[in-house]
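Trainee: In the working numbering, the protein residues as written are 595 to 1030.
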Amino acid sequence: MTAKTVPTQQATIPVVLMLTLHPDEREMEKEREAEMHSLLDTAGRTVVGTLVQHVQKPSPGTYIGSGKVAELKELAVTCGAQQVVFDVRLQPRQQRNLEEAIECAVLDYDELILDIFARNARTNQAMMAVELAQAEYDKARLKRMWTHLDRQSVGGSSGSGSGFKAGTGEKQIEMDRRQVRKRIQDLRGRLKDIAARKDRAVQTRHEAFNIALVGYTNAGKSTLMNALTNAEVLAQDRLFATLDTRTAQLFLDRHHNVVLSDTVGFIRKLPPTLIASFHATLAEVREADLLLHVIDSSSAVMEQQIDAVEEVLKTIKADEVPVVMVFNKVDIAYSKTILLAFRRRYKESVAISALNGTGLDQLKEVIRAHIDRRSKTVTVRFPVTDGALDAFVRSRAAVQEERYEDDDAVLTIVADERLMAELSANPNLVLAVVTK
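Okay, structure coming up:
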């Protein structure tokens, strides 16, 4: 496989990209390479050379074969690369062996994603979550950081006192391991407290129908959030621009009250340590009444991106939440034919352009329908003198009929599950479901 080189851009770290694909993934090479270039650009790195290998079975020691390792070393030297970046998850031993063979820093896919998350974290919660994920990642790689000490032994005559004693690296590793474990325990505890508070906050959000936006990174979730709510959420053509959940009110009408949440974007092979550490942030997704899965229909690998999102939803136990597939960027769709085929595949889908507003009215109607499906027609009976209760019911439900019997007001209303639960708990009111 011939290597490709490109000119270096300033103010970034020059890297060689090692692209590894299974033989069955040959047709995805162009898209995978483009995605890695975007990730590396986001991480402040410039690709100065690329090497591609189709790997049927990874080598236990170095992932790629010895011949390709030698080729990679030569390319890194020729291009003046400071790092070599693999597009796969490497085992600690593989990463260590590669660095020794290539004589250059080697980053794997997980380390790259963690670096991007660290760059984009803005709130204390996001920064703690990223730090926890990085600590979990580093814990297994402490030996890689310190083996150079054990390779330096005492030199010269006896008693010279120069150099390191044998085992210095191992001692340092054990010291670092204890520190990392302590930091991990501390971060887990703090994030667990945040998660508990967030879970309680989400579960007690009774008055509104909760919708979470999910999707592959850069699919247009934040743009859609802004288009629906005027929330002025940061919307950039940049990977992982959103790491913290942002919520805003979506006003459909006075009887359809919605809280819309914009969540962190997903990506293929999202590091497990990140998924675990962002537990609190992803509570909005697990506890939502409805998910809007925003899909970039301009992508040539739309199917793989959908699969990646669904895999994460399953991992965080959100795959049972009702979902509407929202095909965004239809104005620049990669293929109208492919888009139509995908829309037919799913039970419920909407085609939109969050940027120019196409399809947003249809999306709102779909949301209304989901709210109405969870509503029932009921009668509520309460003292006519209870003005506060009367005002509460009218503010939360559509009144279809009202009458007065003796000293009571009897209202026929359409109420969702939350409202019915609140009304049932009120001792001053009698609730009955209307049967037709």
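Yeah, the Cβ is synthetic: ideal placement off N, Cα and C, and Gly gets one too.
For the stretch 683–692 and the stretch 710–722, state whether three or more C-beta atom pairs, one from each stretch, are separated by less than 8 Å.
Mentor: no
Trainee: On the three-pair Cβ rule with 8 Å, is the stretch 960–967 touching the stretch 928–940?
Mentor: no
Trainee: Whose CA, out of VAL609, THR717 and LEU701, lies closest to the CA of TYR731?
Mentor: On the sequence shown, residue 731 is found 137 positions in, with the first residue counted as 1. Closest by alpha carbon: LEU701.
Trainee: Suppose you measure from the CA of GLN899 to the CA of PHE976; what does that come to, to the nearest Å?
Mentor: Looking up residue 899 in the sequence shown gives position 305. Looking up residue 976 in the sequence shown gives position 382. Computed Cα separation, rounded: 52 Å.
Trainee: Let me check understanding here. Comparing Cα to Cα, which of VAL671, GLU694, GLU705 and ALA670 lies closest to VAL1033?
Mentor: Because the chain is modelled from 595 through 1030, residue 1033 falls outside the range shown and cannot be assessed.
Trainee: Give a yes or no on whether the C-beta atoms belonging to LEU807 and LEU886 are separated by under 8 Å.
Mentor: If you number the sequence shown from 1, residue 807 lands on position 213. If you number the sequence shown from 1, residue 886 lands on position 292. Closer than 8 Å, so yes.
Trainee: With respect to the alpha helix (DSSP H) encompassing ILE707, which residues constitute its N-terminal and C-terminal limits?
Mentor: Position 113 of the sequence shown, counted from the start, is the residue given in the question as residue 707. Residues 703–714.
Trainee: Compare the C-alpha of LYS863 against each of VAL663, LEU684 and VAL609 and name the closest.
Mentor: For the purposes of this step, residue 863 is taken as the residue at position 269 of the sequence shown. Minimum Cα distance to LYS863 is reached at LEU684.
Trainee: Go through the stretch 827–913 residue by residue and report every complete run of the alpha helix (DSSP H) that reaches 4 residues or more, in order.
Mentor: 866–871, 877–880 and 896–909
Trainee: Pick out whichever of ALA948, GLU942, ASP955 and PHE803 has its Cα sitting closest to the Cα of ALA927.
Mentor: For the purposes of this step, residue 927 is taken as the residue at position 333 of the sequence shown. Here the closest residue by C-alpha is ALA948.
Trainee: Please list, in chain order, all residues of the same chain as SER1073 whose beta carbon is under 6 Å from its beta carbon, the five residues on each side excluded.
Mentor: Residue 1073 is absent from the structure shown; the chain starts at 595 and stops at 1030.
Trainee: Would you kindly work out how many angstroms separate the C-alpha atoms of GLU665 and ASN922, rounded to a whole number?
Mentor: The residue labelled residue 665 in the question sits at position 71 within the sequence shown. The residue labelled residue 922 in the question sits at position 328 within the sequence shown. Each residue's alpha carbon lies about 41 Å from the other.
Trainee: Relative to the C-alpha of PRO865, which residue among LEU726, GLU768, ALA821 and THR952 is closest?
Mentor: Walking along the sequence shown from the start, residue 865 turns up at place 271. Minimum Cα distance to PRO865 is reached at LEU726.
Trainee: Identify whether TYR810 lies in helix, strand or coil by the three-state DSSP scheme.
Mentor: By one-based count along the sequence shown, residue 810 stands at place 216. In the structure shown, TYR810 sits in a strand (DSSP, three-state: E or B).
Trainee: Could you check whether HIS850 and ALA991 sit closer than 8 Å to each other, using their CB atoms as the reference points?
Mentor: In the sequence shown, the residue the question calls residue 991 occupies position 397. In the sequence shown, the residue the question calls residue 850 occupies position 256. No; because the gap between Cβ atoms is not below 8 Å, this pair is not in contact.
Trainee: Three-state secondary structure (DSSP) at GLY951?
Mentor: Indexing the sequence shown from 1 puts residue 951 at position 357. In this structure, GLY951 counts as coil in the three-state DSSP scheme.
Trainee: Does DSSP put GLN994 in a helix, a strand or coil?
Mentor: Locating residue 994 in the sequence shown gives position 400, where the first residue counts as 1. In the structure shown, GLN994 sits in a strand (DSSP, three-state: E or B).
Trainee: ASP1010 bridges to which residues according to DSSP?
Mentor: As a working mapping, residue 1010 is identified with position 416 in the sequence shown. Per DSSP, SER969.
Trainee: Specify, as a first and last residue, the run of the alpha helix (DSSP H) that LEU633 falls within.
Mentor: Along the sequence shown, one-based indexing puts residue 633 at 39. Run containing LEU633: 623–636, per the alpha helix (DSSP H) assignment.
Trainee: Quick check on the DSSP output: the alpha helix (DSSP H) that includes GLN689 runs from which residue to which?
Mentor: Position 95 of the sequence shown, counted from the first residue, corresponds to residue 689. Taken as a continuous stretch (DSSP letters only), the alpha helix (DSSP H) holding GLN689 covers 686–696.
Trainee: Which residue comes first and which comes last in the alpha helix (DSSP H) that contains THR931?
Mentor: In the sequence shown, the residue the question calls residue 931 occupies position 337. Start and end: 930–939.
Trainee: Specify the secondary structure class of ASN922 as computed by DSSP and reduced to three states.
Mentor: Within the sequence shown, the letter at position 328 stands for residue 922. In this structure, ASN922 counts as strand in the three-state DSSP scheme.
Trainee: Pop quiz: VAL609 and VAL642 are said to be a contact at Cβ under 8 Å. What is the actual Cβ separation, rounded to whole angstroms?
Mentor: Taking the first residue of the sequence shown as position 1, residue 609 is located at position 15. Taking the first residue of the sequence shown as position 1, residue 642 is located at position 48. Right, the Cβ-Cβ distance comes to about 7 Å (below 8 Å), so this counts as a contact.
Trainee: What does a CB cutoff of less than 7 Å around ARG777 pick up in its chain, not counting 5 residues either side in sequence?
Mentor: Here the question's residue 777 lines up with position 183 in the sequence shown. So the list reads ALA729, once near-sequence residues are dropped.
Trainee: Which of the three DSSP states is assigned to ASN804 in this structure?
Mentor: Working through the sequence shown from its first residue, we reach residue 804 at position 210. Residue state, collapsed to three classes: strand.
Trainee: In this structure, does DSSP put GLN647 in helix, strand or coil?
Mentor: Residue numbering aside, residue 647 sits at position 53 when the sequence shown is read from its first letter. Strand, per DSSP.
Trainee: Assign GLN719 to one of two classes, buried (16 or more other C-beta atoms within 10 Å of its C-beta) or exposed (fewer than that).
Mentor: Taking the sequence shown and counting its residues from 1, one reaches residue 719 at position 125. GLN719 comes out buried.
Trainee: Assuming LEU983 contacts VAL993 (C-beta within less than 8 Å), just tell me the rounded distance between them.
Mentor: Here residue 983 refers to the residue found at position 389 when the sequence shown is read from its first residue. Here residue 993 refers to the residue found at position 399 when the sequence shown is read from its first residue. So it is not a contact: roughly 13 Å between Cβ atoms.
Trainee: Quick one: give me the first and last residue of the alpha helix (DSSP H) that VAL1028 is part of.
Mentor: In the sequence shown, the residue the question calls residue 1028 occupies position 434. Element bounds for VAL1028: n/a, residue is neither H nor E.
Trainee: For GLY750, does the three-state DSSP call read helix, strand or coil?
Mentor: Numbered from 1 along the sequence shown, position 156 holds the residue referred to as residue 750. Reliability of the predicted coordinates at GLY750 is poor, the pLDDT of 42 falling under 50, and no value is obtained from them.
Trainee: Helix, strand or coil: how does DSSP classify GLU1016 here?
Mentor: Residue 1016 sits at position 422 when you count from the first residue of the sequence shown. GLU1016: helix per DSSP, three-state reduction.
Trainee: Which value, in whole angstroms, describes the spacing of the CA atoms of ARG791 and ALA813?
Mentor: Translated into the one-based positions of the sequence shown, residue 791 becomes position 197. Translated into the one-based positions of the sequence shown, residue 813 becomes position 219. If I take the Cα positions, the gap works out to 29 Å.
Trainee: Determine the closest residue to VAL972 out of GLU1011, GLY953 and TYR998, with distance taken between C-alpha atoms.
Mentor: Reading the sequence shown from its first residue, position 378 is the one you call residue 972. The option with the nearest alpha carbon to VAL972 is GLU1011.
Trainee: Go ahead and pull the three-state DSSP assignment for ALA734.
Mentor: Reading the sequence shown from its first residue, position 140 is the one you call residue 734. Three-state result, ALA734: coil.
Trainee: By the three-class DSSP mapping on this structure, what secondary structure does ALA945 have?
Mentor: Taking the sequence shown and counting its residues from 1, the one referred to as residue 945 is at position 351. Residue state, collapsed to three classes: strand.
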